[in-house]
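Data first, discussion second: the structure below is written as structure tokens.
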Amino acid sequence: MNAELVCKLVQVRSAALERRFSLGVMATTQQTFPDPRPVDLPTGFNAWLLDCSPVSGCKVCQANWRQLRAAEDDGDTGKAARHATEIRDHASGVH
Ligand SMILES: [Zn+2]
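In structure tokens form, the structure reads like this:
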């Protein structure tokens, strides 16, 4: 590889790094709204949150199970977790 080519490659690479850096700065200084991307929870955390077993023959459990699945499909983990809590409440006699 000759010196001129190496020089050209270094220039291209530093220009790319500079562009990436300035984009990063823009993203951190211009963002004034909450990040719309979902928060990545540790693997298995959602499974633990939504862990429940609806009692067959219990209408409250079945209704909550359907709503849990719908909320999960919508990506609304908080809502799904509330339905999971209601299903778990069956064992303690809340419903
Ligand atoms: Zn129930």
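Residue numbers (full-length UniProt numbering): 1 to 95.
Here a beta-carbon is modelled for each residue, glycine too, at the ideal position from N, C-alpha and C.
Just so we're clear, the structure is a prediction, and the values are computed from it rather than from any experiment.
Collapsed DSSP secondary structure at residue 37 in the structure displayed | Numbered from its first residue, the sequence shown carries residue 37 at position 37. Three-state result, residue 37: coil.
With residue 78 as the anchor, note down where its alpha helix (DSSP H) starts and where it stops.
-> Reading the sequence shown from its first residue, position 78 is the one you call residue 78. Its alpha helix (DSSP H) spans residues 77 to 88.
Quick one: is the Cβ of residue 90 within less than 8 Å of any heavy atom of ligand 1?
-> Taking the first residue of the sequence shown as 1, we reach residue 90 at position 90. True, at least one ligand heavy atom lies under 8 Å from that Cβ.
Thinking C-alpha only, which one of 35, 59, 4 is nearest residue 86?
-> Residue mapping note: residue 86 aligns to position 86 of the sequence shown, counting from 1. It is 59.
Is any heavy atom of ligand 1 found at a distance shorter than 8 Å from the C-beta of residue 95?
-> Position 95 of the sequence shown holds residue 95. Because some heavy atom of ligand 1 lies under 8 Å away, the Cβ of residue 95 counts as near it: yes.
Separation of residue 33 from residue 88, as counted between CA atoms | Translated into the one-based positions of the sequence shown, residue 88 becomes position 88. Translated into the one-based positions of the sequence shown, residue 33 becomes position 33. The alpha-carbon atoms of residue 88 and residue 33 are separated by roughly 36 Å.
Under a three-way DSSP split, which group does residue 73 fall into?
-> Your numbering for residue 73 matches position 73 in the sequence shown. Three-state DSSP puts residue 73 in a helix.
Proximity to residue 50 [Cα-Cα], best of 36, 73, 37 | The count along the sequence shown starts at 1 and reaches residue 50 at position 50. The shortest Cα separation from residue 50 among 36, 73, 37 belongs to 73.
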